[in-house]
Each structure stands twice: as structure tokens, then as C-alpha cells.
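All residue numbers for the sequence shown refer to the working numbering, where the first residue is 50 and numbers rise by one. Report on the structure given below.
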Amino acid sequence: MKLQHYIGVFLLTLPLHVGSSNRVSAQPGTNASPSNPNVVYILADDLGYGDLGCYGATKVQTPNIDALAKAGRRFTDAHTASAVCTPSRYALLTGEYPSRGNGGKGVWGPAPVTSGLLVDTDQLTIADVFKNKGYATAALGKWHLGFGEGQNDWKEPLRPGPQDLGFDYYFGLPVVNSAPPFVYVENDRIVGSDPADPLVYIGRGHEKEATPITEIPPEASQRTPNMFKGAVEAHKNYNDYTVGTVLAGKAVDWITANKQKPFFLYMATTHIHHPFTPGKRFQGSSDAELYGDFIQELDWMVGEVTGCLEKQGLSENTLIIFTSDNGAMLNLGGRNAVKAGHRINGDLLGFKFGVWEGGHRVPFIARWPGKIEAGSTSDQLICNVDMLATFTALTGQDLDAVEDTDSVNVLPAFLENPAEPLRTELLLAPHKPANLGIRKGKWMYIGARGSGGFGGSKPNQHAWGGPPAVAFVGGENSDIENGKLKRGAPPAQLYDLENDVRQTQNLYNQYPEVVQEMETLLNSYRPKTPADAKQQRIRKQKATK
């Protein structure tokens with residue numbers, strides 16, 4: 050078990066104490082000040098690089114999010130450490146590449162319904178960073194990192210969970226809006242739970258026994274049938290079409306209730322993950338089908354949060370970050386949006402789950418009035434895994450506490466205009482470990498053919514991806530012909546993103562010396578056994594200092 054120490058760099062010192070689980074906490078802080086700004090981190094779900102007006106979209110209207118960009122900084126080379134939801138969230142919370150998680154075996158796919166908590170309760174999280182500075186902390190919305198130890202049997206209390214990772218308060222969807230249980234969880238309890246009618250996991254193939262859920266039309270895209278029986282009242286509390294309104298309301302209420310002290314709000318929306326179920330007033334509001342309507346409801350949610358901050362007099366000293374957990378998915382909703390002329394990932398190659406740029410290059414906007422230059426853009430290479438170190442620096446704490454993580458302090462990219470890159474290399478994970486990629490400067494190297502993401506080959510398949518999907522959106526890649534990988538395509542991929550961000554040309558055969566360098570670098574991130582993971586990371590960090 051490890052003990053994290055924090056030493057403030059300001060004159061103010063904070064009395065610390067060690068709890069029974071070796072987690073570090075602090076005495077309550079004072080009202081927010083320039084050295085203790087409020088932080089609101091809004092994490093959209095499956096929102097692609099081309100899904101916002103400020104990133105070039107014309108078929109959807111996103112005035113509230115665009116306003117954040119106009120008043121702050123828009124990043125053009127921001128990434129998620131994984132192109133998959135659960136490992137991406139793991140990286141955000143822990144500052145650790147998801148390939149190192151799970152005892153070195155890695156966290157690669159979406160957490161199953163019965164998953165235990167995937168983050169070690171002794172592991173430092175972004176919520177801990179704020180707690181150690183006396184902040185109020187909350188997580189709202191999609192969790193999808195598991196509950197309990199081992200296999201989650203869904204018996205209350207649902208612990209360990211968010212409250213064991215530094216969050217004072219949690220409310221939201223325990224998994225995702227496309228998978229059961231279709232209930233809300235508040236802290237460690239199911240909202241509306243009844244001991245006389247408990248939530249019972251029955252697994253797949255028992256739909257007739259399962260508790261009824263909200264009916265949705267086929268055009269809303271895929272949703273897994275319910276795998277639970279019982280908890281009838283709890284299920285009634287959850288309606289697919291009101292999730293956006295409920296979460297926005299919870300955010301406003303929590304901010305209002307905690308305005309007297311510095312706070313950190315992690316708001317993880319279900320928008321725009323399938324199924325696409327915008328509230329009635331947003332249906333038909335965009336020119337990109339239900340997919341676009343869902344984006345426009347997301348934009349309204351952002352407006353509710355920013356409006357609340359303004360009303361409470363908190364805007365000037367609140368850092369707002371808006372981003373996504375991975376790139377957009379070419380599911381039914383995405384395909385309908387593309388047919389309507391919307392480019393879900395802009396001109397980038399690929400989609401969610403895959404290691405091509407469309408899978409992990411995401412919108413990223415930071416606004417902090419008076420601190421971040423209004424209307425500015427940055428091409429600094431940054432990643433969601435960097436938030437741990439960045440928030441540590443933001444709150445004036447000792448960066449030695451995060452030295453053994455993969456997190457880089459990118460706060461200067463928010464507040465200044467550094468001439469040199471803050472991050473020189475970045476590990477990027479798809480769903481399939483074989484296609485792990487590494488970025489260094491302008492070069493992107495992928496250790497296998499293809500994207501390592503969805504393998505569906507027919508337009509009617511939910512998990513459509515790879516070469517056929519690239520052809521559908523009009524993408525180009527030198528390894529692809531007629532919607533298929535060419536025979537004799539190189540065994541791996543090398544792209545010059547400075548001159549070819551669309552990844553049209555695989556330069557593997559043209560630059561063998563670069564390939565060798567990048568392959569060696571990539572292999573340095575692959576632990577041979579779980580026991581080697583931490584030592585390999587420490588050796589690498591020492592070697593690069």
C-alpha cells in the first residue's frame with residue numbers, strides 16, 4: 050500500500066491526516082480564491098472531433114460549448130489515452146495508462162455489468178488531489194468503472210465505489226445508458242431501492258423475467274436488454290428521455306449547495322452515447338437526425354452548468370474543461386448523421402475503439418476568465434491522462450506526488466503559450482492490445498495492421514468499423530482499397546501527422562529507421578509480466594529525465 054504526500058508550494062500549509070485506508074485527506078478549505086479555483090470537468094461520451102460548431106460542424110448548433118471556446122482555449126491535438134470508454138475513464142481518474150491497470154494485464158474494454166471497481170482504492174485519483182486541498186468533490190453521470198470487490202453482485206451498499214476514490218458525492222448511471230441496470234445510483238445506494246423488492250441480476254436471455262424499461266424506437270440505435278429483475282420502483286425512476294434533464298438539474302443543485310468552498314465537479318454525461326434518446330423538445334432540432342439532436346441537448350446541459358456558475362457569481366474563478374472520453378462511433382445513429390452530411394470525426398481516419406486518430410483525438414476546451422486567453426487555440430499534444438498532474442499543479446501541490454504516474458503537467462498549455470512541447474510522447478490504446486500505438490512528435494506508430502477497433506463489415510451491424518466504415522465516410526488510406534485491407538499491406542503503420550493528420554499515407558516502407566525507433570519505444574511500454582509493469586515505468590522515467 051502506498052502513501053501519497055502533498056506539500057503545498059504556497060505559504061499556506063494544510064494539516065493532513067491518514068485515514069484507515071491510507072488515503073490522504075485535508076481539513077475543509079476556505080472559499081475559492083485565485084490559488085484555489087473551482088474546477089468543472091465535463092466529459093461527454095462518444096463525442097467526435099467533428100461534432101461541435103467550434104470544431105467545424107455545420108449540421109448541429111452548439112452555442113453554449115462554442116461560447117466556452119470563444120472565451121477560452123480550444124485544443125487541436127488533445128487525446129484520450131484509450132479509444133474505449135472504461136479504460137479512458139481509468140486514465141483520467143488515475144493518471145495511469147490503462148494498459149498498466151489490472152495488475153499489469155491492462156484495462157482494454159468496457160467494464161461488464163458485473164465488474165468490480167477497477168481502480169485500486171489506495172491509488173491516487175484526481176478527486177483525491179482536490180480533497181487534499183480542502184475541496185468539495187462530486188461525480189455525476191456515467192460511472193462505468195465498476196463497484197465492489199471482485200464480481201459486483203449489486204447488493205447494497207455498492208462499495209467500494211466513487212466515494213472510496215475521493216468523491217464526496219456521486220449520482221448517476223452505474224454503467225452506461227446502453228446497458229443495465231437501468232437505474233440511478235446515489236452514493237452507494239440504488240435510487241428508489243426497496244428491501245422487499247431488491248435488484249437481482251439474472252443475466253442474458255431472460256428478458257421475460259426482467260423488469261420492464263423505457264421503450265425506445267429502432268432508430269435510437271442499440272440498447273442491451275435488461276438483465277435484472279425486481280427493483281420495479283427504481284426502474285421507474287429512470288427514463289431514457291429525461292436523463293439529460295436529471296443530470297443537468299443535479300449539477301446545478303450541487304454547485305449551488307457547495308458554492309461556499311472550492312469545489313471540483315466531474316460531470317460525465319451519457320450524451321451522445323447510444324441509444325440516442327434526446328428529450329422531446331430537442332427531437333428534430335438539428336440537421337443531423339437523432340445523433341445531432343442528442344448533441345444539441347448536450348449543449349443545453351452545458352449551458353445549464355455555465356448559467357448556474359454565472360448566477361452564483363462563480364464564473365470568474367472557475368476553470369471549466371469540456372472534452373470527450375473517445376471519438377465518435379459509426380453506429381446506426383452515427384451512420385444516419387453521416388448520411389445527413391455531418392462528419393462525426395471531422396476529416397480524421399477511424400472511429401471509437403480504434404487507434405486511428407478518429408478514435409482518440411477529441412475536442413478539448415478550457416475556459417478560465419482572466420487566466421486563459423479568450424478565443425485562443427493550442428496545438429500542444431495533451432491527453433486526459435495528464436489531468437492528475439495538471440490538477441496537482443493547479444492547486445499548488447507537490448508534483449513529486451505524481452512522479453510515478455504517466456501524467457504530465459500541461460497547465461502551462463492552458464495559461465501560457467509554450468514554444469516547446471510539454472509532452473513528447475504518448476501511448477494510445479485501442480480495444481485490441483495488438484494495435485497499441487505510440488506518438489512521438491509528429492510521428493504516430495501502430496504496431497499492427499488496421500485500427501484494432503470494431504470489426505463489423507456490414508452497414509447494418511451495430512459495431513461497424515475498420516476499412517469498410519472508412520469507405521462509408523469517404524476516408525482514404527493507402528492500406529485500404531474498396532473497403533478492404535490491401536493484400537501485402539505493411540505489417541504495421543507509420544504516419545506523419547504534421548503533414549498528414551488524415552492518415553492517408555502509411556509511411557512504414559519509406560522510413561525504416563523511424564519504424565525501428567518507434568517500435569523500440571512502443572515495446573518499452575509493454576511489460577513482459579504484470580510484476581514488471583511498475584519497475585519498467587520507473588526505469589523509463591529515470592532514463593528520460
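A virtual CB, placed ideally from N, CA and C, is assigned to each residue, including glycine.
(request) Note down, in chain order, each residue of its chain lying with its Cβ closer than 6 Å to the Cβ of Trp417, except the 5 sequence neighbours on either side. (result) Counting from one through the sequence shown, the residue named residue 417 turns up at place 368. Within the same chain, Trp417 has close Cβ partners Leu368.
(message) Taking only three categories from DSSP, how would you classify Ala512?
(response) Your numbering for residue 512 matches position 463 in the sequence shown. DSSP places Ala512 in coil when its eight states are reduced to three.
(message) Quick check on the DSSP output: the beta strand (DSSP E) that includes Gly190 runs from which residue to which?
(response) Looking up residue 190 in the sequence shown gives position 141. Run containing Gly190: Ala185 to Gly190, per the beta strand (DSSP E) assignment.
(message) Closer than 8 Å is the cut-off here; do at least three beta carbon pairs connect the region 85 to 92 with the region 376 to 387?
(response) For the pair of segments examined, the region 85 to 92 was found not to touch the region 376 to 387: the number of CB pairs separated by less than 8 Å stays below three.
(message) Using only the alpha-carbon positions, how far apart do Thr129 and Ser137 sit?
(response) As a first step, residue 129 is located in the sequence shown; it is residue number 80 there, counting from the start. As a first step, residue 137 is located in the sequence shown; it is residue number 88 there, counting from the start. So the two alpha carbons sit approximately 6 Å from each other.
(message) Distance check for Ala132 and His480, CA to CA, integer angstroms please.
(response) Counting from 1 along the sequence shown, the entry for residue 480 is found at position 431. Counting from 1 along the sequence shown, the entry for residue 132 is found at position 83. Distance between His480 and Ala132, taken at the CA atoms: about 7 Å.
(message) For Ala269 and Ala512, I'd like the C-alpha separation in whole angstroms.
(response) Here residue 269 corresponds to residue number 220 of the sequence shown, with the count starting at 1. Here residue 512 corresponds to residue number 463 of the sequence shown, with the count starting at 1. Taking the straight line from one Cα to the other gives about 15 Å.
(message) Tell me which residue opens and which closes the beta strand (DSSP E) that Gln271 is part of.
(response) Here residue 271 refers to the residue found at position 222 of the sequence shown. It is not in any beta strand (DSSP E) - Gln271 carries neither H nor E in the DSSP assignment.
(request) Report yes if the CB atom of Tyr544 is closer than 8 Å to the CB atom of Asn558, and no otherwise. (result) Counting from one through the sequence shown, the residue named residue 544 turns up at place 495. Counting from one through the sequence shown, the residue named residue 558 turns up at place 509. No, they are not a contact pair.
(message) Given a cut-off of 8 Å on the beta-carbon distance, is the pair Met378 and Phe400 in contact?
(response) By one-based count along the sequence shown, residue 378 stands at place 329. By one-based count along the sequence shown, residue 400 stands at place 351. Their beta carbons are under 8 Å apart, which means Met378 touches Phe400 by this criterion.
(message) One question on the structure: do Leu398 and Gly298 come within less than 8 Å of each other, judged by their Cβ atoms?
(response) The sequence position of residue 398 within the sequence shown is 349, counting from 1. The sequence position of residue 298 within the sequence shown is 249, counting from 1. Cβ distance not < 8 Å, so Leu398 and Gly298 don't count as in contact.
(message) Along the chain, where does the alpha helix (DSSP H) containing Thr294 start, and where does it finish?
(response) For the purposes of this step, residue 294 is taken as residue 245 along the sequence shown, with counting starting at 1. Per DSSP, Thr294 belongs to the alpha helix (DSSP H) from Val292 to Ala306.
(request) Check whether the region 277 to 288 touches the region 239 to 248, taking contact to mean three or more Cβ pairs, one atom from each stretch, closer than 8 Å. (result) Touching, per the Cβ criterion.
(request) Determine the contact status of Ile265 and Asn275, defining contact as a CB-CB distance below 8 Å. (result) Counting from 1 along the sequence shown, the entry for residue 265 is found at position 216. Counting from 1 along the sequence shown, the entry for residue 275 is found at position 226. In this structure, Ile265 lies away from Asn275, with their beta-carbon atoms at least 8 Å apart.
(request) If I'm right that Asn236 touches Tyr219 with Cβ under 8 Å, what's the distance once you round it to whole angstroms? (result) In the sequence shown, the residue the question calls residue 236 occupies position 187. In the sequence shown, the residue the question calls residue 219 occupies position 170. Confirmed, about 6 Å.
(request) Taking all protein chains shown into account, decide if Gln429 is buried (16 or more other Cβ within 10 angstroms of its Cβ) or exposed. (result) Locating residue 429 in the sequence shown gives position 380, counting from the first residue. Buried, by the Cβ-count rule.
(request) Mind checking which residues open and close the beta strand (DSSP E) that includes Phe124? (result) Translated into the one-based positions of the sequence shown, residue 124 becomes position 75. Here the beta strand (DSSP E) through Phe124 covers Arg122 to Phe124.
(request) Assign Gln309 to one of three DSSP states: helix, strand, or coil. (result) Here residue 309 is taken as the residue at index 260 of the sequence shown, counted from 1. Residue state, collapsed to three classes: coil.
(request) Identify, in the order they occur along the chain, each residue of the same chain with its Cβ nearer than 7 Å to the Cβ of Gly150, setting aside the five sequence neighbours on each side. (result) As a first step, residue 150 is located in the sequence shown; it is residue number 101 there, counting from the start. Excluding residues within five positions, the ones whose Cβ falls inside 7 Å are Tyr139, Val156 and Leu167.
(message) Suppose contacts are defined by Cβ-Cβ distances below 8 Å. Is Gly376 in contact with Gly408 by that definition?
(response) Counting from 1 along the sequence shown, the entry for residue 376 is found at position 327. Counting from 1 along the sequence shown, the entry for residue 408 is found at position 359. One thing to note: Gly376 has its Cβ within 8 Å of the Cβ of Gly408.
(message) Comparing C-alpha positions only, which one of Thr372, Arg253, Phe402 and Asp202 sits nearest to Pro247?
(response) On the sequence shown, position 198 is the one that residue 247 refers to. Minimum Cα distance to Pro247 is reached at Asp202.
(request) Please confirm whether any heavy atom of the ligand GTP lies closer than 7 Å to the CB of Gly210. (result) Among the ligands in the structure shown, none appear at all, so the ligand GTP cannot be discussed.
(request) Kindly give me the distance between the Cβ atoms of Gly99 and Ile529, rounded to whole angstroms, as I take these residues to be in contact under 8 Å. (result) Stepping through the sequence shown from its first residue, residue 99 is reached at position 50. Stepping through the sequence shown from its first residue, residue 529 is reached at position 480. Not really, about 20 Å apart at Cβ, beyond 8 Å.
(message) Please report the straight-line C-alpha distance between Ser427 and Arg410, rounded to a whole angstrom.
(response) Residue 427 sits at position 378 when you count from the first residue of the sequence shown. Residue 410 sits at position 361 when you count from the first residue of the sequence shown. In this model, Ser427 and Arg410 are separated by some 14 Å (Cα to Cα).
(request) Please go through the same chain and pick out, in chain order, the residues whose beta-carbon is closer than 6 Å to the beta-carbon of Leu96, but skip the five residues on each side of it. (result) Here residue 96 corresponds to residue number 47 of the sequence shown, with the count starting at 1. Excluding positions up to five away in sequence, the list reads Ile321 and Ser373.
(message) So within the region 521 to 587, which uninterrupted beta strand (DSSP E) runs reach at least 3 residues, ignoring any that extend past its ends?
(response) As far as the region 521 to 587 is concerned, its whole beta strand (DSSP E) runs of at least 3 residues are 542 to 545.
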